[in-house]
Each structure stands twice: as C-alpha cells, then as structure tokens.
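All remarks here apply to the structure that follows.
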Amino acid sequence: MAGTLRIRKQSITEMDVDCIVNAANSQLRQGGGVCGAIFAAAGASQLQAACDALGHCPTGEAVITPSFKLKAKYIVHAVGPIWQGGNHNEETLLYRCYQNAMKVAYAKGCRSIASPLISSGIYGYPIKDAWRVAIRAIRESPFDMDVTIAVIDDRALHLGTSILSQEAKTASPAW
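Sequential numbering from 233 applies to the sequence shown in our numbering.
Structure representation (structure tokens):
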C-alpha cells in the first residue's frame, strides 16, 4: 500500500472520501449499528433496492453500490465473519474482507476509502485482534489508496492508534 492509513473518531456517514465501507450482512439487508446508520444516511429504500439487485454477498467478499445521499460516491458492502472462537477461519475471512473492499473500490476509480472496524461490533470479533487484522490487511493491500478507519468511541480510537503505532515501530523499512 503506497497510500496513507489513519484512524479517526468520526461517523463514517460523514466522511469526505470516494467510498465508504458498510459492515454488511450476507443478505445485504439493512441491519443495526454501522450498517443501519449508513442505510439511514444514504436513503434506506434506494440503498436497499440497490442491494436487493445484487442479492447476496458471501463472508469475506465485497460488492459495491452507489452511495445515494452520502458525500462518498460509493458504498462497498463488505461481509465480515461472525466470531466463533477463532477456529472457524475468522482471521482469514476478515483479512479478505478488507482486501476485497479495497479491490472493488479501486476498480471503480476510488483512491480514498473509509471503513469501520469490521466484525468488531455485533459480530463479536475481539477488538484488539480486529485492529491487528485490519491494519495488516490494509498495509498489505496492493492498491494505492488513502484509507481511514472510522470509529465512534474513544476506547476504539485509543486502542487502534496504539496498535498502529506499535505496528509502525516493528515494521521493516521498505527499501
């Protein structure tokens, strides 16, 4: 990844980026939490109609729709894994979720993207582990994009910035 990675305390629905990521369910239906907020801000009936036209998205994959009433041009719907104790391929699926979100956004010409911390809410992924997977997946992405992880609480912000700082110290220099 040649772009930047930052963490901000801000509602994802207010981000001024090319694309935002919705922490979606595989049926692409309006849910609660981040998903519910995105649907409400974008225009729930329009966004649901666009999602219904796509039908389904498997865990670890991502699809893209217009953003309707949001500042961003697009919404990538990325389906993260439900935490089941860590022995059901959750890490790989979460990693792929971020990678595929960036891939579909990049294919549409997006160069800036904002994502929530996928699977760390009602899907129960342990937040510290979710941060590590997100940071690694974004850093290892082949797509030159500016990425912001948007959180809405101080605990998530401080934990994420701490892990990002630790990862930066241990990362080997790219020469």
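Each residue gets a CB set at the ideal place from its N, CA and C atoms; glycine is no exception. These numbers were taken from a predicted model, which means no experiment stands behind them.
Anticipated Cβ contact below 8 Å, residue i with residue j, distance rounded
{"i": "R338", "j": "A369", "result": "Here the sequence assigns Tyr to residue 338, which means Arg is not the residue at that position. Wrong, their Cβ atoms sit about 14 Å apart, outside the cutoff."}
{"i": "A282", "j": "T297", "result": "4 Å"}
{"i": "A255", "j": "S351", "result": "7 Å"}
Residues of its chain near residue i, where Cβ-Cβ distance is below 6 Å and the 5 sequence neighbours each way are ignored
{"i": "G292", "result": "L325, R328 and C329"}
{"i": "S397", "result": "none"}
Span of the alpha helix (DSSP H) around residue i
{"i": "H390", "result": "D386 to T402"}
{"i": "D378", "result": "Note, D378: premise wrong, no alpha helix (DSSP H); beta strand (DSSP E) at D378 to V383."}
{"i": "C267", "result": "G265 to A274"}
Euclidean distance between Cα positions of residue i and residue j
{"i": "T393", "j": "I239", "result": "7 Å"}
{"i": "P313", "j": "R343", "result": "26 Å"}
{"i": "I384", "j": "H390", "result": "11 Å"}
{"i": "K360", "j": "M334", "result": "22 Å"}
{"i": "I270", "j": "T245", "result": "6 Å"}
{"i": "E399", "j": "A285", "result": "40 Å"}
Proximity winner among the options, relative to residue i (alpha-carbon distances)
{"i": "M377", "options": "A285, T297, P298 and S347", "result": "S347"}
{"i": "C251", "options": "A366, A382 and T402", "result": "A382"}
{"i": "P193", "options": "N319, A388, A310 and A304", "result": "Only positions 233 to 407 of the chain appear in the structure, and residue 193 is not among them; the question remains open."}
{"i": "K305", "options": "H320, V253, G317 and I367", "result": "V253"}
{"i": "G341", "options": "S351, F375, K241 and H320", "result": "F375"}
{"i": "H320", "options": "Y357, L302 and F271", "result": "Y357"}
{"i": "Q316", "options": "H288, I367 and I354", "result": "I354"}
Neighbourhood of residue i by C-beta, 8 Å cutoff - its chain only, sequence neighbours within 5 removed
{"i": "T236", "result": "D378 and V379"}
{"i": "G268", "result": "Q262"}
{"i": "I345", "result": "V249, D250, C251, I252, V253, V308, A333, M334, A337, M377, D378, V379 and T380"}
{"i": "G265", "result": "A255, G353 and I354"}
Proximal residues to residue i (C-beta, below 7 Å), its chain only, five neighbours per side dropped
{"i": "A276", "result": "Q262"}
{"i": "F300", "result": "A274, G275, Q278 and L279"}
Residue i: CB within 7 Å of a non-hydrogen atom of the ligand MG
{"i": "A400", "result": "In the structure on display, the ligand MG does not appear, and there are no ligands present to speak of."}
Limits of the beta strand (DSSP E) - the one that residue i falls within
{"i": "K241", "result": "L237 to K241"}
{"i": "V308", "result": "Y306 to V311"}
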